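In order, the protein sequence lines correspond to chains E and G. Residue numbers for the first sequence follow the numbering used here, beginning at 1 and rising by one. Residue numbers for the second sequence follow the numbering used here, beginning at 526 and rising by one. Glycine included, each C-beta is placed from N, C-alpha and C at the ideal position. All values reported here derive from a predicted model rather than from experimental measurement. Inspection log for the structure reproduced underneath, given as structure tokens.
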Amino acid sequence: MSFTTLSRRGFGLLTAALLATSALTAPALAETPPGVLVVGQIAEPQSLDPHAVTAVNDFRILMNVYDGLVRYRPGTLEVEPALATAWEISEDGTVYTFTLREGVTFHDGSAFDAEAVVFNFDRMLKDDHPYHDTGPFPLSFFFSAVKSVEAVDAKTVTFTLNEPYAPFLSNLAYPTGLIVSPAAVQAHGKEFGRHPSGTGPFKFAEWRANEAVVVEKNPGYWDGEAALQAVIYRPITDANTRVAEMLAGGIDLMVEVPPTALSQFRGDAFKVAEQAGPHLWFLILNAKDGPFADKRVRQAANYAINKEALVNDVLEGTAAVAAGPTPPAFAWAYNEALSPYPYDPEKARALLAEAGAEGAELTFYVTEGGSGMLDPVAMGTAIQADLAAVGLTVKIETYEWNTFLGKVNPGLEGKADMAEMAWMTNDPDTLPFLALRTDAWPDKGGFNSGYYSNPKVDELLEAARVSTDQSERARLYKEMQEIVHDDAPWVFVANWKQNAVTSAAVQGFALEPSFFLLLKNVSKD
Amino acid sequence: MGGYILKRLISAVPVLLGITVIVFAIMALIPGDPATAILGSYATPENVARLNRELGLDRPLVSQYFIWLGNLVQGDFGRSFALNRPVLDEVLERFSATLVLAGAAFVLCALLGIAAGVVSAARQYGAADKAITVAVILGISVPSFFLGMMMILVFAVRLRWLPVSGMYEIYGGGDLRDLLRHLAMPALALSVVATGVIARLTRAAMLEVLRQDFIRTARAKGVGEGRVIWGHALRAAMVSVIPVLGIQAGFVLSGAVYIEIVFQWPGIGRMLVDAILKRDILLVQGGVVFVAACYVFFNILVDVAQSVLDPRIRT
């Protein structure tokens with residue numbers, strides 16, 4: 001292998017091999033004192049104002065500094081009480097009344113009450129609110145169904161919605177629903193994101209730009225004190241450097257370990273955690289023009305692509321094969337009866353022949369990177385080879401992530417036949433509602449870039465959104481998954497398993513299906 | 526003299542204006558916009574339009590440019606979308622970190638390069654010359670980011686002598702010794718290529734000088750070999766080495782980007798790369814304009830200094 005032809009992947013493998021060699025000879029020893037956990041983050045946070053950010057990287061800090069009215073029960077994506085102790089939903093599903101927890105104070109000493117809740121949502125949602133200019137609030141549309149928020153008394157707050165909207169509670173459990181201190185917003189204005197104050201198990205201590213964010217234990221936290229004294233979040237953007245820091249003991253916990261580097265942490269000095277999450281990696285197929293307008297050709301693509309090989313060889317086991325449009329992490333809404341399209345090139349060829357699409361030429365949009373996209377170039381190349389094996393000629397066009405979104409989101413018509421895509425959501429409603437309905441075609445403001453349309457699916461999704469009965473919603477989602485599985489508007493490829501590595505000194509750490517990083521019960525010897 | 530300085534300063538204005546137009550146009554023309562970058566999966570046309578309005582990006586480009594320029598003239602570089610803080614704060618912090626790194630690398634490459642070149646020339650075709658030549662060719666050929674990674678593996682992961690990355694210890698530290706420990710590897714990795722180039726050129730220049738008559742005269746007069754080489758010959762050779770140092774200084778500054786990524790050095794190169802990927806328009810524009818302004822004023826400074834030394838330039 002000459003230097004000039006050493007590919008990025010080859011280089012990564014070489015580095016990983018060298019790292020592995022050195023891991024054997026050097027024992028890990030943490031340099032930071034017990035009780036102080038150093039977390040390797042993938043980037044500098046944008047802000048510590050939960051309403052102003054969109055990145056999972058920032059959520060990993062925020063979820064430890066703030067609480068929401070509700071939260072996900074550990075290990076699930078189902079909501080349980082947090083700052084609200086109980087709630088009632090009106091018969092028609094439009095009025096939510098929350099009873100708030102008593103005796104909770106923000107880190108700055110101000111009291112948490114109904115007025116504080118009203119302030120939080122008004123700031124985000126009302127253009128004329130005096131502190132609306134402390135935004136922008138890019139994900140405020142999570143609460144676009146909210147018509148008004150009112151304090152009934154100090155401990156009771158009501159949310160009135162425009163129409164029934166089932167994902168409302170799980171959106172409240174999302175970081176956009178975390179509750180900030182109104183007094184701190186008033187004191188710091190636009191700088192609130194750098195002087196955050198919440199009610200969470202850790203309180204903000206210090207932010208050294210591009211170096212570290214430090215949070216300390218919040219004594220007297222309402223849900224039991226954290227075991228750690230402090231957590232230091234370090235931004236380390238380069239994955240190889242992050243691995244080296246972990247091996248050298250510079251950090252105690254790292255997330256998003258590159259698949260090729262995982263093997264070197266399988267020893268006594270480290271612990272590896274894995275958790276499947278609400279993530280789906282798929283191919284959007286252009287169902288409007290070109291060969292994929294025929295359902296048989298779309299199914300053929302699902303049969304032709306070897307998904308086992310993708311998750312085991314390309315992704316080194318860091319993902320599971322996806323069966324349909326809903327990730328299994330949404331346990332209550334997931335249709336267990338579905339099984340992934342098997343790898344069956346013969347069947348694919350037969351379907352292609354039946355549809356008269358043998359030897360079709362396809363344009364395939366591939367991205368170089370991007371949130372949740374895993375290893376898009378290697379995966380795209382493997383998919384190209386699988387489709388070539390059943391006689392389809394695939395031409396790959398590769399774009400940088402933002403450019404890629406600019407090409408894909410307006411729709412594939414007239415440009416491409418297929419495109420890579422990945423979504424990570426907090427409610428089973430989000431992805432199909434935004435990307436599979438007829439009313440979600442790009443010209444109507446949705447993400448259905450492949451123009452899939454099935455009136456029955458539309459009907460099921462609309463009904464599931466307005467039902468507040470979880471078992472009813474589950475039934476509707478399960479039926480939707482069966483239809484979509486058969487219609488194959490996408491090639492269902494993979495559900496990502498998030499991973500993390502901790503040093504042996506770290507105890508009590510577990511990853512959540514929400515992909516949040518919760519550190520309250522973690523300790524370090 | 527004052528008139529000359531004023532004339533040079535005035536001539537810098539159109540250059541800087543041109544830079545603002547170019548960087549603004551490039552950021553406007555590249556595909557993808559900040560709202561899409563911020564919203565990611567949730568970038569519906571409706572959400573993008575709403576966010577663009579809040580960010581002030583829905584106005585016509587020409588008026589956006591003049592608003593930005595008007596603020597810039599008053600020293601207001603705006604706020605970064607992606608970092609949610611004033612652009613100027615970020616740029617100043619990151620630029621000074623880059624100066625520390627590039628400055629240290631420059632000092633290293635100048636000292637090591639000249640010393641290696643001189644030794645090489647003094648022992649032409651000797652063992653030291655051959656060893657240095659091999660080392661220099663190797664240094665020039667190995668990509669600096671690869672060398673940086675290998676250094677991390679050996680000195681940080683395996684031997685645990687030095688920290689892997691960053692500028693200061695995350696817990697405690699913060700003094701000069703701490704800075705130097707963090708600076709050692711990135712500065713060395715960054716300086717290697719330039720050291721090689723400087724060593725090669727110093728060697729050539731020294732060989733040229735050592736053949737000249739005044740060296741033979743000095744030796745004939747009985748001046749010690751050490752003084753002949755390091756005193757007489759090096760001084761004469763520096764005339765052709767100094768311009769190379771200038772070029773290598775620029776090279777080290779621009780090469781810092783890769784090293785900043787490998788070693789997580791909080792410099793401006795890494796900042797610009799991140800900002801471009803996030804379409805953080807104001808941060809990119811502010812960063813580029815700031816760096817460009819520094820170059821322009823550095824050039825003026827050099828011109829003025831030269832005019833002090835050589836009055837003919839002023840006319």
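For Trp401 of chain E, the enclosing alpha helix (DSSP H) begins and ends at Trp401 to Val408. At a C-beta separation below 8 Å, Ala607 of chain G has these neighbours in chain E: Gln46. The Cβ-Cβ distance between Val377 of chain E and Gln384 of chain E does not fall below 8 Å.
Straight across, the Cα-Cα distance linking Ala300 of chain E with Glu472 of chain E is about 33 Å. Among the residues facing chain G, Ser339 of chain E is not included, as its CB has no counterpart in that chain under 8 Å away. In this structure, Arg728 of chain G lies near Ser645 of chain G, with their beta-carbon atoms less than 8 Å apart. Judged by beta-carbon spacing, Ala500 of chain E lies beyond the 8 Å limit of Leu518 of chain E, meaning their Cβ atoms are not closer than that value. Spanning the alpha carbons of Phe159 of chain E and Thr97 of chain E requires a straight line of approximately 6 Å. With a 10 Å radius around the Cβ and a threshold of 16 neighbouring Cβ atoms, Leu705 of chain G comes out exposed. For Ser503 of chain E, the uninterrupted beta strand (DSSP E) run begins and ends at Trp490 to Ser503, by DSSP. Residue burial annotation: Glu336 of chain E is exposed, with fewer than 16 other C-beta atoms found within 10 angstroms of its C-beta. Residue pairing by DSSP puts Phe364 of chain E in a beta bridge opposite E:Ile396 and E:Met418. Annotation for Phe98 of chain E: the continuous beta strand (DSSP E) segment containing it runs Val95 to Leu100.
Going by beta carbons, Leu77 of chain E and Leu172 of chain E fall outside the 8 Å limit. G:Gly603 is the residue among G:Gly603, G:Val689 and G:Ile801 whose C-alpha sits nearest the C-alpha of Trp593 of chain G. Around the C-beta of Asp386 of chain E, 16 or more other C-beta atoms lie within 10 Å, and the residue is accordingly described as buried. Around the C-beta of Thr318 of chain E, 16 or more other C-beta atoms lie within 10 Å, and the residue is accordingly described as buried.
Assigned with DSSP and collapsed to three states, Met692 of chain G falls in coil, not helix or strand. Contact annotation: Ala712 of chain G and Ala640 of chain G have beta-carbon atoms that are not nearer than 8 Å.
Asp153 of chain E and Lys126 of chain E have their C-alpha atoms roughly 21 Å apart.
Residue pairing by DSSP places Leu283 of chain E opposite E:Glu420 and E:Val491 in a beta bridge. Assigned with DSSP and collapsed to three states, Trp207 of chain E falls in strand.
Checking the DSSP bridge columns, you'll see Met254 of chain E partnered with E:Gly40 and E:Val501. Residue nearest to Thr241 of chain E within the set G:Leu597, G:Gly528 and G:Val689 is G:Val689 (criterion: CA-CA distance).
The alpha carbon of Ser47 of chain E has as its nearest neighbour, out of E:Val213, E:Gly508, E:Tyr452 and E:Pro325, the alpha carbon of E:Val213. About 5 Å separates the CB atoms of Thr199 of chain E and Val104 of chain E; that is less than 8 Å, so the two are in contact. Counting every other CB atom within 10 Å of its CB across the protein chains shown gives Val546 of chain G a total below 16, marking it as exposed. Contact between Pro428 of chain E and Tyr477 of chain E holds: their C-beta atoms lie close to 5 Å from each other, under 8 Å. DSSP places Glu150 of chain E inside the beta strand (DSSP E), whose first and last residues are Val146 to Asp153.
In this structure, Val466 of chain E and Arg437 of chain E do not form a Cβ contact; the two beta carbons are roughly 14 Å apart against a cut-off of 8 Å.
Using a Cβ distance threshold of 8 Å, Phe404 of chain E and Tyr365 of chain E count as a contacting pair. Look at the segment 569–585 of chain G: the residues with a C-beta under 7 Å from a C-beta of chain E are Thr569, Pro570, Glu571, Asn572, Leu576, Glu579 and Leu580. For Val777 of chain G, the closest C-alpha among the options G:Gln810, G:Ile723 and G:Leu826 is that of G:Ile723.
Buried is the label assigned to Asn409 of chain E, since at least 16 other Cβ atoms lie within 10 Å of its Cβ. Going by DSSP, Leu161 of chain E is part of the beta strand (DSSP E) stretching over Thr156 to Leu161. Secondary structure note for Thr720 of chain G: its alpha helix (DSSP H) is the uninterrupted segment Leu701 to Leu735.
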